[in-house]
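The sequence shown lines up with residues 185 to 346 when you count with the numbering used here.
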Amino acid sequence: MVGVFRRQHGMDIVGQGGKIILFTLPSLAVALWLHRYHPDIAALPASIRFLRPVGYVLLPMGLALWATAVVQLLVGFSGGRLVTAGAYGIVRNPIYSSMTFFVLPAVTLLTGTWVYLIVSALLYVGVTVFIRREEDQLGRAFGIEYTDYTARVDRLIPFRRP
C-alpha cells in the first residue's frame, strides 16, 4: 500500500483530481443547500417522476464502476503500470465517468431534484478542462501504449469509441 503514496512517472495517485474536485465542489454545496432548504425550486417536474426506478438501475452500476476503478487504480498505480482493462477498458476515467453518468443522475432521479444534474454537468466540464495535463503526463510515461489506449477507449463516455 505504501507504493500508492509514492510518485510514479512524475505523478501522484490523485492526478488532477484535486483541481477537478475544487472546481465541482461549490456546485455540489449549492445543490445540497437547494435540495435541503428550497426543495420547491430543486424539484423535478412531477410529470417525469415516473423515471425514478431508472435511478435504482443507474446507482448500483455507477457504484460498481467506481469501486472497480478505485481498486484497479490502487493496484496499478502502486505497481507503476498503466491500467487499460476492466473499468479502464470501458472508459479512461471511470471514477469521474461513474459519478457524471451514473451516480449523480441516479441521485437526481431518486431524490426528485434536478440540481444534481448541474453538478454532473460541471464535473464533466471540470474533467474536460483539467484532465489534459494528466493525459500529457501519461503519454510521456507510457508512450505508444498510452497512445494506443487513447485511440480505442474514450476519455469520459463509457463504451464510446474516441
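In this text, a Cβ means the ideal position worked out from N, Cα and C, and glycines have one as well.
DSSP state of valine 186 mapped onto helix, strand, coil = The residue given as residue 186 occupies position 2 in the sequence shown. Because the pLDDT of valine 186 is 45, which lies under 50, any placement of that residue in the model is unreliable, and the question is left without a value.
What are the partner residues of methionine 245, as DSSP defines its beta bridges?
-> As a first step, residue 245 must be located in the sequence shown, where it is residue number 61. Its beta-bridge partners do not exist; DSSP assigns none.
Counting only the same chain and skipping the five closest in sequence on each side, list residues whose C-beta sits under 8 Å from that of leucine 206.
-> Position 22 of the sequence shown holds residue 206. Taken in chain order, the list of residues that qualify is empty.
Who are methionine 195's beta bridge partners in DSSP?
-> Walking along the sequence shown from the start, residue 195 turns up at place 11. Methionine 195 pairs with Gln192.
Three CB pairs or more closer than 8 Å across the region 306-325 and the region 208-215 = yes
What number of angstroms, rounded off, separates the C-alpha of glycine 273 from the C-alpha of valine 337?
-> To locate residue 273, count along the sequence shown from 1; it is residue 89. To locate residue 337, count along the sequence shown from 1; it is residue 153. Roughly 7 Å separates the two Cα atoms.
Assign alanine 269 to one of three DSSP states: helix, strand, or coil.
-> On the sequence shown, position 85 is the one that residue 269 refers to. Here alanine 269 sits in coil by DSSP.
For threonine 297, which beta-bridge partners are listed by DSSP?
-> The residue you call residue 297 lines up with position 113 of the sequence shown. DSSP output for threonine 297 lists Ala227 as bridge partner(s).
Compute the distance between the beta-carbons of leucine 218 and valine 291, then report whether it is under 9 Å.
-> Stepping through the sequence shown from its first residue, residue 218 is reached at position 34. Stepping through the sequence shown from its first residue, residue 291 is reached at position 107. Taking 9 Å as the Cβ cut-off, leucine 218 and valine 291 do not qualify as a contacting pair.
Counting only the same chain and skipping the five closest in sequence on each side, list residues whose C-beta sits under 8 Å from that of threonine 252.
-> Taking the first residue of the sequence shown as position 1, residue 252 is located at position 68. So the list reads Gly270, Ala271 and Pro278, once near-sequence residues are dropped.
Report the three-state DSSP secondary structure of leucine 340 (helix, strand or coil).
-> Taking the first residue of the sequence shown as position 1, residue 340 is located at position 156. Of the three classes helix, strand and coil, the one that applies to leucine 340 here is coil, per DSSP.
If you drop the 5 nearest sequence neighbours on each side, which residues of the same chain put their C-beta closer than 8 Å to that of alanine 227?
-> Residue numbering aside, residue 227 sits at position 43 when the sequence shown is read from its first letter. If we look at alanine 227 and ignore the five residues flanking it on each side, its Cβ neighbours are Gly296, Thr297 and Trp298.
Per-residue burial, phenylalanine 286 [other beta carbons within 10 Å of its own, 16 or more giving buried] | The residue given as residue 286 occupies position 102 in the sequence shown. The residue is buried, with at least 16 neighbouring Cβ atoms inside 10 Å.
Rounded separation between leucine 294 and glutamate 319 - CA only | Start at 1 with the first residue of the sequence shown, and residue 294 comes out as number 110. Start at 1 with the first residue of the sequence shown, and residue 319 comes out as number 135. C-alpha separation (whole angstroms): 34 Å.
Does the Cβ of serine 231 have 16 or more other Cβ atoms within 10 Å, making it buried, or fewer, making it exposed?
-> For the purposes of this step, residue 231 is taken as the residue at position 47 of the sequence shown. Label assigned to serine 231: exposed.
Starting from the Cα of glycine 310, find the closest Cα among Met195, Ile197 and Gly201 and give me that residue.
-> Residue mapping note: residue 310 aligns to position 126 of the sequence shown, counting from 1. It is Gly201.
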